[in-house]
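If you read the sequence shown in the numbering used here, its first letter stands for residue 8, the second for the next number, and so on.
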Amino acid sequence: MSLDSKKNNEVTKSEFDLKDRLWVIVPVALLIGLICVLIYKHHDAFSWDGFIGGFNQEFLVFFAIGVFAQLVDGTLGMGYGATSTSFLLSYGIPPAISSAGVHVAEMFTTGASALSHHRFGNINKKLLKNLLIPGVIGSITGAYLLSDVIDGDVIKPYISVYMMILAVVIIAKALKKNITKKKTKKLGFLATFGGFMDSIGGGGWGPIVTSTLLGRGRNPRYTIGSVNAAEFAVAFASGITFMIFGGVEGWQLIIGLILGGVIAAPIAAYLVNKIQRKPMMIFVGILIIILSLKTLWKFL
C-alpha cells in the first residue's frame, strides 16, 4: 500500500470515528446544558426537605412509573407519554403537572434511550436523518399552538381512530408468513405529523411513526431504535417550547421519572435484540388498541 493511500485511509477512518462520536457527544452536551439551565432558572422551586421526606413514598412510585413507561417505550418504540401520564393521573396528580412533568422527564429519558440504542447498534442512520428535522418542526409547531391556540383534547379521538387502524394493519401483517417490505414514501410528512400530534395530544410520536413504519414491513429492531433516537430531538424541542410558555412544577415527580427512565433505557434497548418479530408486532398492535380505546372512552 502506498503512503498516500495509507494517509487517505487514516483520514477516512478519523472522519468516520468523529461522526460516530457525534451521535453520543451531541445528546450528552444538550442534556448537560439543559440541567444547567434548569438549575439556574428553577433552583428556587426545589424543596429538599419535602423531597427527602417523601422519598420512601411518592418518589418510589414515580420512579417505578418511569421504569415501566421506559421499558414499554424502549422495546416497542411507543407508549412512554400515554403510559406514564395514565399512571400519574390515576395516582391523583393534576393533569397540568402530569403533562409538564412527563415532557421534561422525556427530554432526559429519550436521550438515554437514543444513546442505548446507538450502543446496541439498533439505529438506521439514514432513517433517523429523514425523521429528525421534520419531527422537530412538527413538535415545535404543535407545542406553540397548544400553548396559545387550540385544545389538544379535541384532536385525541381522531388520533386514536388512526392508531387503531394502524394496529389492525400491524397485527394482520404479523400473522402473515411473509411480510413484503414496501418503500415508505413521504417520511418527512410522517415525521412532521407525528411530532405535531405528539405535542398537541401529549403523545403520539411512537404510535404514529413507529406503527406506520412497522405496518410497511420495516424491521422492528431498526425501526424502534431509529424512531426512539429521533424522539430525543422531538421531545427536546417540544419540551423547550413548553418551558418557554409555562413554568416547571413537581420536581419530585420529574426526578423520579427521569431516574427510572434512565435506568430502564439500556435494558429496553437490549431487549429489542432479544424479542422476536412476530410477537413484538402483535403486542404493539394490542397495546395501541388498548390505549386508543381508553382515550376514546374518556372522550365519550
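In this text, a Cβ means the ideal position worked out from N, Cα and C, and glycines have one as well.
Give the single residue among the options whose Cα lies nearest to the Cα of residue i.
i: residue 195; options: 226, 147, 241 and 139; result: 139
i: residue 119; options: 218, 269 and 71; result: 269
i: residue 94; options: 84, 116 and 77; result: 77
i: residue 148; options: 219, 104, 241 and 291; result: 241
i: residue 311; options: 168, 234 and 251; result: As displayed, the chain neither begins before 8 nor continues past 307, which places residue 311 out of reach and without an answer.
i: residue 177; options: 28, 72, 295 and 41; result: 295
i: residue 279; options: 227, 297, 244 and 236; result: 227
i: residue 73; options: 165, 41, 133 and 275; result: 275
i: residue 41; options: 115, 108, 167 and 219; result: 115
Decide if residue i is buried, meaning its Cβ has at least 16 other Cβ atoms within 10 Å, or exposed.
i: residue 304; result: exposed
i: residue 69; result: buried
i: residue 87; result: buried
i: residue 64; result: exposed
i: residue 310; result: The requested residue 310 is not part of the displayed model; the chain covers only 8 to 307.
i: residue 257; result: buried
i: residue 101; result: exposed
i: residue 179; result: exposed
i: residue 299; result: buried
i: residue 344; result: What the structure shows of the chain is the stretch from 8 to 307, and residue 344 is not part of that stretch, so it cannot be assessed.
i: residue 182; result: exposed
i: residue 81; result: buried
i: residue 97; result: exposed
i: residue 36; result: exposed
i: residue 168; result: exposed
With a CB to CB cut of under 6 Å and the five nearest residues on each side skipped, what residues in its chain are close to residue i?
i: residue 273; result: 123
i: residue 85; result: 213, 214 and 217
i: residue 67; result: none
i: residue 249; result: 110 and 150
i: residue 170; result: 214, 295 and 299
i: residue 264; result: 69, 73 and 112
i: residue 293; result: none
How close, in whole Å, do the beta carbons of residue i and residue j come, if the pair is a contact with beta carbons under 8 Å?
i: residue 260; j: residue 206; result: That belief does not hold up - the Cβ atoms of residue 260 and residue 206 are roughly 20 Å apart, past 8 Å.
i: residue 75; j: residue 90; result: 7 Å
i: residue 222; j: residue 129; result: Not really, about 19 Å apart at Cβ, beyond 8 Å.
i: residue 127; j: residue 277; result: 6 Å
i: residue 306; j: residue 83; result: Their Cβ separation, rounded to whole angstroms, is 24 Å, which puts residue 306 and residue 83 out of contact at 8 Å.
i: residue 246; j: residue 113; result: 7 Å
i: residue 125; j: residue 236; result: 7 Å
Leaving aside the five residues before and after residue i along the sequence, list all residues of the same chain whose C-beta is less than 8 Å from its C-beta, in chain order.
i: residue 15; result: Because the pLDDT of residue 15 is 49, which lies under 50, any placement of that residue in the model is unreliable, and the number read from its coordinates should be weighed accordingly. No residues qualify anywhere along the chain.
How about residue i: is its Cβ closer than 6 Å to a heavy atom in the ligand GTP?
i: residue 124; result: Among the ligands in the structure shown, none appear at all, so the ligand GTP cannot be discussed.
For residue i, which residues in the same chain have their Cβ closer than 7 Å to its Cβ, ignoring the five residues on either side in sequence?
i: residue 39; result: none
Open item on the list: When you compare the stretch 128-146 with the stretch 260-269, are there three or more beta-carbon pairs, one atom per stretch, that lie closer than 8 Å?
Closed with: no
Open item on the list: Is it the case that the stretch 276-288 contacts the stretch 199-215, given that we only count it when at least three CB pairs across the two stretches are under 8 Å?
Closed with: no
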